[in-house]
Structures are given as structure tokens and as C-alpha cells.
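J.: Residue numbers (the working numbering), protein chains in the order written: chain A, 824 to 1742; chain B, 13 to 286. Just so you know, even glycine gets a beta-carbon here, dropped at the ideal spot from N, CA and C. Note that this is a predicted model, so its numbers are computed, not measured.
#1: With distance defined between alpha-carbon atoms, name the residue in A/991, A/1197, A/1127, A/1520 nearest to residue 904 of chain A.
#2: Tell me which residue opens and which closes the alpha helix (DSSP H) that residue 271 of chain B is part of.
#3: How big is the Cα-Cα spacing for residue 1142 of chain A and residue 1311 of chain A?
#4: Between residue 42 of chain B and chain A, is the shortest Cβ-Cβ distance under 8 Å, so that the two count as touching?
#5: Is it right to say residue 1431 of chain A is buried, meaning 16 or more other beta carbons lie within 10 angstroms of its own, or is it exposed?
#6: Which residues of chain B have a Cβ atom closer than 7 Å to the Cβ of residue 1345 of chain A, listed in chain order?
#7: Is there at least one Cβ from chain B nearer than 8 Å to residue 874 of chain A's Cβ?
#8: With a Cβ-Cβ cutoff of 8 Å, do residue 111 of chain B and residue 862 of chain A count as a contact?
#9: From residue 1588 of chain A to residue 1535 of chain A, what distance separates their C-alpha atoms?
#10: Look at residue 179 of chain B and residue 212 of chain B and say whether their C-beta atoms are less than 8 Å apart.
#11: Tell me which residue opens and which closes the alpha helix (DSSP H) that residue 1357 of chain A is part of.
#12: Just to confirm before moving on: does the CB-CB distance between residue 1257 of chain A and residue 1336 of chain A stay below 8 Å?
#13: Please classify residue 1640 of chain A: does DSSP put it in a helix, a strand, or coil?
#14: Counting pairs of Cβ atoms below 8 Å between the segment 46 to 63 of chain B and the segment 888 to 896 of chain A, do you hit three or more?
#15: Straight-line CA distance for residue 1120 of chain A to residue 1498 of chain A?
#16: Return the chain-ordered list of same chain residues with a C-beta closer than 7 Å to the C-beta of residue 33 of chain B, the five sequence neighbours on each side being excluded.
#17: What are the complete beta strand (DSSP E) segments, minimum 3 residues, inside the segment 1000 to 1043 of chain A?
#18: Is there a Cβ of chain A sitting closer than 8 Å to that of residue 14 of chain B, yes or no?
#19: Runs of 4 residues minimum, wholly inside the segment 1121 to 1162 of chain A: which ones carry the alpha helix (DSSP H) assignment?
#20: First and last residue of the alpha helix (DSSP H) that includes residue 1566 of chain A?
#21: For residue 1665 of chain A, which residues in chain B fall below 9 Å Cβ to Cβ?
#22: Quick one: which chain A residues come within Cβ less than 9 Å of residue 201 of chain B?
#23: Within 8 Å (strictly less), CB to CB, does residue 110 of chain B reach chain A?
#24: What's the gap between the Cα of residue 1190 of chain A and the Cα of residue 1004 of chain A?
#25: Would residue 1277 of chain A pass as a contact of residue 1160 of chain A if the rule is Cβ separation under 8 Å?
#26: What distance in whole Å lies between the Cβ atoms of residue 1104 of chain A and residue 1021 of chain A, which are believed to be in contact at a cut-off of 8 Å?
#27: Determine the extent of the alpha helix (DSSP H) in which residue 928 of chain A is found, giving its start and end residues.
#28: How do the segment 1166 to 1177 of chain A and the segment 1354 to 1367 of chain A stand: do at least 3 beta-carbon pairs fall below 8 Å, yes or no?
#29: Between the C-alpha atoms of residue 1581 of chain A and residue 44 of chain B, what's the straight-line distance to the nearest angstrom?
#30: Would a C-beta distance cut-off of 8 Å place residue 1200 of chain A and residue 1481 of chain A closer than the cut-off?
#31: Looking only at its own chain, which residues have a Cβ that is under 6 Å from the Cβ of residue 1515 of chain A, when we skip the five neighbours before and after it?
#32: With distances taken between CB atoms, is the gap from residue 866 of chain A to residue 921 of chain A smaller than 8 Å?
#33: Leaving out the 5 sequence neighbours to the left and right, which residues in its chain are closer than 7 Å to residue 168 of chain B when beta-carbon positions are compared?
#34: Enumerate in chain order the residues of its own chain whose CB-to-CB distance from residue 1377 of chain A is below 7 Å, with the five nearest sequence positions on each side excluded.
#35: Please classify residue 1078 of chain A: does DSSP put it in a helix, a strand, or coil?
#36: Just reading off the beta strand (DSSP E) that residue 1374 of chain A is part of, what are its end residues?
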């Protein structure tokens, strides 16, 4: 079959049943991404004879004589097309995985499409940005500083573009699988369990093995016997050892029964259908309340507290009790009290790049894994542990990662790839489908929260009583960490008086829960901020005032309530709350008009069916994860004046690469264009715990900052010696070291300081302690249509205290994106699991926000300087998610007069709430 | 997505080549077939788009024949002299799809009808206009099925083994009649959870179609504009309501009453001007 791609003639015979997307990737067009593989997200978009199509659902057999244009055909770095220039200028991406498709589709937009952008762009989904910057790109707004115009200003604090920007908009930035496969690479496919709880009692692979092209079948017989957790933390002893690479007991639907390794993915999948498996069914339990009761079916009866399973006889992974003061007495004598039971539902990360890993054996015989992970170093360590290998037999690296949100703080593909490589001696790839991410990947812990808050007549809190039950799913990874964190900053933000907290995380036969943006805080904050809202109503106090009377102040200490190294390194909560309050007061004016995303309008509805309401919520989060988070970094000067920064942390849209570039450029008095970042590779730097707990900009950032300042001192000292003047008279600039009129250039400096290596390198590290806290306040004004349940967000305001601002455009993007993701969680998204079966396993059934769904969010940065963080900065990536759900629930409550006790607040739910109120 | 179990694709050029071998299925645009893992038994595809059917033709009997392989894009860009006043309705139906314009370029209206989803937009259009479905039978003969009888349940139609939906035929006269329509969903442009339409004939008769909230579509015909209570009474008799992740049963039912009443009121205003 003959057709054209980007003007080049191509001859290719597709497989029967093949789609255009995979055909283009086989031809090396890695700019064509897989987000959903079902025509819903747009990441694979190409032009077919000039019209945009989803290449993932376009039958390849129809391509004869057609012409395909990809993002790279539209323009390449150095010669970008106008639409690509606009995405760069607007900063219209974060992880960038959706961007090539976004560019392709928006390149076709004319006046008709721009006139109704939400409709025209509805088939292109972005999980990171919240769409404002994409709307800016489409309408030609510049948000990032033009490159090369530094005017001598430090890079720190300026809205610099991501260094990868030009490659991202042209599809040239390589993500996990966007490189030519190694010679002879095999593909792995997994047979998932059809049962939620069963024992594999019969297994026959002979028919599968007989299929031509099948190279190996992996089953429990091949699995190492070392138990581990797919969840990764600095200490492997944070998580329960309850998982095997391939187990004989199936504890959730979709769990690995076996894997086929074959010459193509198609053959591997076909062979999976030929595996013969016999199961002995075991009674299953899906409700955590039932699961912890006596006599419930047990998931991991043999696990012990030494393996971090607190009470296996009650399916209880973790049980936490905290008590301070006389709670019962305080509750009994309280002037005001509110009790409620709240529930949060299950949501999934839906990072647009699915999990995937590709492994090969390098020239030194090491096993190399290129994976879509937030934690390459921790993955290497755990693979070494499970497979009994030395660390130096393994190398783990990432390309740019297409979104994470916590979902990639897991080792869910790499272990199988390594096992397959050990068995076959060949390179192997294992790529998850979108449905895999939704059915066997981790999701956010659903929780049931009973909360009672009590206050005296003046509105001073006298007691908190909190009982939490979380569904861990079938494996306990992250459940301990999530639940410890859940009751940390969420509670410590207030002075409570007496306090009692009881928390349990319980195994069920549902798919495993895991790390999700906010890491447990959001669920507890939903309950507490909702309860406080009700208490304020009882007291007749504005919701802001009750919070002001009880929230911590700059003078407070955490006094050992949270982990000991937590400090208030800076305090901007008061500024944030004041600003949100003022914004919401402004919009109370009947003449106030809402603002939507670029090229949209939002009507402020009036009429009998509609009610308006406002709500807000506050949140605090530690700037780094507890109990150690380590980062090594080095900065090396090359003779041409380039500085190469080597860091371990991965880039997945969090913007750490830009931040690190800014730290280095500022410390080294050079232009950001002279900074090159090498990252997320166990070969590149000594160690990095990983990109989670919002640590990338602060922990690794601190290491980069201190390596860069150390290097600066060395260069100045070396230059001073060469110039024969005191160091105090010298300064470093973009050309070299200068003392008055005299200077020594970089080639000379490098030759003198590093004659053998040819580069002057400085290393540094940071150990993630002490830790500071950051604050977020979200406010909403909503209009609720009581007759249909529609919740229309008229105003969304988000204030953040992130310390000094490293990059205002990037920070704004994090706040908007976090807010949008949380709005999706509340208004639209619901990963429904019934009897262990995911009922929403494709994107068409799990609605993440599209352009039409997201409001314009006005943001505010508190003016603070953190004494702990690098150059006064604090992290801000998980945090904006956390106050959104209760703020929205409080606004709906205000509008309809009925308290929502559960998420989501989809239209059918809100309608039922409102109807119940009026019935 | 690649269909791993598919081992053959045929491009038929004549009706004789439409006979299905074991394991074969007809393929329309493919935007559905390639978007979900297919039944494991499907090993071959017969691509109807290879038949080269004209997307739309005006027939001697004054019906507008829309080929099953007509894409949504072709439908909504049809010349006005063919579609008459129906174009806005067609465009509204396309926008009611969760799928974007990129899918409209490939997806076919016949595929939409034959998949028989509760919120089938093409079915609603066909039923509203009193259309019929032209079915090619496996033995070489053909039959016509009134649109309201074509879909019998969720993902179930009257099509028997080897039968192909060839076209949807709409009486031209009806395309000039005033219509009103509503869809609703959990999100502003999300997957449709219910839909309703109405067509007012010049003789005052009203035809209301409800779908999406029920496992099959409903057609209610009235001799004139009914009273609100009369319309509601007809809906009261509906017994195939359902709920799913796109909306609860109760909400969908309520929205259906609401939409039907809005349509009744809207078309009442058109009475006499029809």
C-alpha cells in the first residue's frame, strides 16, 4: 500500500485490524501518541488529506493514496508553524503529551471553530493545564518570556518557557516509547484474572507456546518468591510486602495470571487467549466495612505486622489511633457541635501517557529499563531487591513522562519486563492500555469519614473527633502512607483543643488504591472543611471568620503533632484567605459578570430554577514528604560556557526542569539558554528519591541550587587565582570570570581547573529536612439549577502560598491545572466499581474535564519568603487539588440549602439533593 | 486500537461479496469497532465503505436516501436543496455525539443506527422524520423497516444474520416540518444521557420521540398538540428506564419529562405557522 506521510511517499502493508496510529509509529512517527486508543482524547491526531482525524481508530487498510500530516509535518524545532509558535508563547502545555495532537487539530481552526471553541476542541483532552493556557495559545496570547531576552535579569522569578517547548509542540520530545526499539525487541501481554478472588489451580500454556512467534510464557512458576509492594517510597519498609511479580492467588479482577512474550503485541495478545487456566473461587469482599468484620474472607491472612500489615485477620493494612485531651468531655460540654458522615469516591489519575516500560541489555550486560515512572531510583532498588541483583546490574531511566499525578509512583510494568528479559535474554516492551490504567492501575483511596467538630460560643474549636475508613483494594501499597498523611496537615492547620483520630485502611477485592495528587489530604479536608462550614452556620459566623479564629498562625509550631521536622518556614495563609474573601465579596454585586476560559462566555443565570451560592475551603501541605527525601545533583561547566545540570528527578509536566534551569542560571549569572538539564536516569546522578510529594522543585531544586552556588564560588576562586586578584573583586558572568576590565574566559578557566576531564563539576545533595508548609485557599461562586442539577461555576478563585515564585506562569499553570483536575473529580469523574468490576473502563465512560467543563480560575500568589526552601520557594504541585472539593460542596450547599455529604456532585446527584430539599 | 484477533479485512465491491464467512463482521466507519476490544470471536472484517455507495441521493419517490456509509460530516454538509430545513437538526444531532468533528469525518450514520445505543442520535432523526431503514437481506432480497421498529433494545436491532443496513430513507416532505429537540448530559458537551425531539406536521399532528433514558426509543404520535398532562401520561407508561455512569435512572426520567414538555411548548408556538 502506498501513501504519503509529511510529504514523503511511503510503502507499507498494515496488519489486518491495524490502525493508522500504530502504523505511523512503526514508521518512526513517534509524534503520534497514544492517550486513549479509542478516539476520545486526541493525542494521536493527524491530518488526513488536510482534515484532522483520530489515527487510533482509523483503519489502516484505507490509507491507499492518502496523505497524512503529523505534528512534525506541520513544523519542526527551528522552523515552527505559527500554531506551534503560539503554543510555545502561551506556555500551552505541561507534560506535553497531548500537545502534538492539540497542535494538529487546532492548526485547522478557522473563524467558525474559534467562534465555538469548546465544541471544536472537545475531542482534545489535556489532563495537566486546565485549558486556560491552551485557550491562550489558540487565541495568540503570549505568557512566557521570549527566549534570549534576559536583559541581565536573573532567570529566577521570570516566566521562562520549558526548555523542551519547541520539541514538544512539534512532537519531537521523546516520551517513554518514542525511540526506535532495540533490535529483536519482544512484546509482552498479560492475561488478567476474570475473578476477584480465586486460586489458580490449573495452568497449561502449551497451546499458547505453540503459536508461531511466541517466545515465552511467564507464570507463577517463574516469579521470584520475594514479596514487595508496587508502591515506592524512600524506605521500602513504608509499604507492606504483600505482592509477588506473579502470584497464584488472584485478589482482584485483572490481576496478572500470566504473561506472554512474543515477537509482536498482536501475537502476544492472541496467545493470551490460548492460555488454559483453572481457578478455584474464593469468597470475595468488596466493602471495607464488611472486610474488617470478623469472619470476612481474608485477602492476605499470612501477612504480619513485620511485613507492615497491622491486622491481617481483619484485612486491616493499617490502623492509626491518636488521642489528645479529653474528647468526650469536650464534645459533651461544647456549645456548638456538628457531626456528619462523609464519603469520597474513587477517581483515577488518567495521565495521558499510560504506564509502559521497555527493557534491553546494554554492552556491559546490564538490564536497562526505560519506563514511564516518577521514581527511577526507587524502582531500580526494588527490582534489585526482588530479583536478587546488585544495583549496578540495573539502570532505570525515563524519557519525558506524560503525566503522573501519583499514579507513576508505582512499579507496575518494570518487574514483568525484567522477568521477561531474564527468561528470554531479549529486549522486551510492556505497554499498558488505557483500560489497564483504569482497571488494574492504582486509583485514589475512597474513604468514609465520620467527623464531629465542636466549638465554644465564641467559635473557638474545642474538639475534633474523626473516624476514617479507607478502601485499600487488594494490595496495600501506599495505604499506610496515604492514611498517615491524610490526618497530618489536614488537621494540623487548625488548633483543635481535644482531638481523637481513628483511621483504618482495609483490604478488599477491589483493584488496589494508590498514591493520588494530595495523598490522602483531600479526602479528610473534604470532611473537615464541610463540617466547619456547617459549624459556622450554627454559630452565625462567616465561614472565613470561623476559620480565622482557629487556623494556625505564623507563630504556631506543630509541636510534634505531625512529624518532628515540620516547621512553618513561611506563612501566607492569612493573605490567601483575605484575598479569596475579597474576590467572593466582589462577585456578590448583581452587576458583576463571570469570566470564562479564553474564547468562551459564561452566563450568570437568573430565574426561578437557579440559586447562587459561595463556598471556600483552606488547605495546608508539607513542602516535602516526611522521613527523608534525598536528591543528588551536579552542575558542570563546559569550555563553551554551557552548564550541564544532572538531576535524578523526572519531568512529567511538574515543571521541575524549568525550575532547575532557573536555579542554575540565576546562581551562575548566565542566560537560561546556557543550561542543559540531564535527568531521571540512574546513570546520570548518584541518587534521587523521586518526583513525588511535590519534591521535585524543592528537594532536587535545593540540591541544584547549592551545587550551582558552590560551582560559582569555585569558578570565582579559580578565576581570581588566574587573574591574580582577590576573589572579592571577581564576579561570574555569561562569558567567564571578570575583575574590573580584566577577564578570564570559560575555555581558560576549564583548562586551568579541570585539565583532564575538561569540565568543572560541583556536586551537592539535599536530604529533604527540615520541611516547611504551603497553603492553598479555593473559593467558588456557583449557580445551581435546582430542576436539572446543573452546577455552573461562575467564579473560581485560588490563592496559594508557594513562597517566592520561581516561575509565575508555571505556578499559575499548576494552580489552574490542579483546580481543574479537582473540579473534574467533583463534577464529572467517577470510577465506578461494582462487585470488583470496573464499570467505567474506557475514557468514554470516565469523563475527564474538556474545555467546555472548566471555569476560568483567577489565581493569587501570597507574598512570602520561605526560610527553608530554595531561594524562599515552596513546592506547589499536589496542593491546589486539596481545597477544591469542599469549596465546591460548600458553594452548592450555600446555593441549595442542603449539605452534600459525598462526592461526586454530578448533575443527577445535585438534582436529587435539591429535590429532596424541596420535596 | 489494533484489533489483535482480526486476521482478515475484505473490501467488497459488489453485493455478492457481502456474504459473511464465519467470524466476519460488517465494518462501517470503524470508529466504534476500533475503539473497544471486540468480541473475541470476530476474526474478519468486511468494510462496507468499499462499496462506494453514494452518501445521499434524492429518489424518484421523493425520499432522501442516506447511505448507511454516509459519514456524519457528509450528512451535515449536505446541499440544502436536498436536506431542506433538516440541516440544523442534522447538525444538532452530530453535536449531540460525544465524538468530535474528527470522528464525524469517519463515523457513519448507519453505524450509529446499527449499533443501537440508547442515545442513538441517527435513530432519533430517522424516527422523527418518519423514516425507514432499507435492509439488504442475505438472500439478495431487501426489506424496509420503519425507523421506530429498527432498534429493539440496547445494542439490538431487527437485523438478522448476514443482513446489512443499506440506507436510511427520509420522506422529503417531512424535512420541511418544524422540529424541536433536546439532549442532556452530566457535563455541558458530554455523553448524551437522554434525548428528545418533536415534529409538527402541517395538519397539526405531533410526533414526539424519546430516547437515551430508556433501553429503546419511544415514538408518541398525537393528533394535535396535546395537553401537558396528556403528554406526561404517555411518558408515565414507559417502563424501560435505566441508569448508568452517565446519569441515574431517576434523573434521566425527570429530564425526559422536562424535555418533552419543553418541546411540546416550543412546537405549540409554531402551530399554524407550520
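T.: This is what the structure holds:
#1: A/991
#2: 261 to 280
#3: 15 Å
#4: yes
#5: exposed
#6: Near residue 1345 of chain A there are no residues of chain B at all, since even the closest Cβ is about 21 Å away, more than 7 Å.
#7: yes
#8: yes
#9: 16 Å
#10: no
#11: 1344 to 1362
#12: no
#13: Three-state result, residue 1640 of chain A: helix.
#14: no
#15: Each residue's alpha carbon lies about 57 Å from the other.
#16: Exclusion of the five residues before and after residue 33 of chain B leaves 56 as the residues of its chain whose Cβ lies within less than 7 Å of its Cβ.
#17: 1009 to 1015, 1021 to 1027, 1037 to 1041
#18: Among the CB atoms of chain A, one or more fall inside 8 Å of the CB of residue 14 of chain B.
#19: 1150 to 1155
#20: Run containing residue 1566 of chain A: none in the alpha helix (DSSP H); it sits in the beta strand (DSSP E), 1565 to 1568.
#21: 47, 48
#22: Neighbours of residue 201 of chain B in chain A, taken as residues at a C-beta separation under 9 Å, are given in chain order as 941, 942, 945, 1673, 1674, 1675, 1676.
#23: yes
#24: 15 Å
#25: With a cutoff of 8 Å on beta-carbon distance, residue 1277 of chain A and residue 1160 of chain A are scored as near each other.
#26: 5 Å
#27: Note, residue 928 of chain A: alpha helix (DSSP H), 922 to 929.
#28: no
#29: 58 Å
#30: no
#31: Taking C-beta separations shorter than 6 Å and ignoring five residues to either side along the sequence, the partners of residue 1515 of chain A in its chain run 1197, 1232, following chain order.
#32: yes
#33: 128
#34: 1391, 1394
#35: coil
#36: Residue 1374 of chain A -> no beta strand (DSSP E), and no H or E assigned at all.
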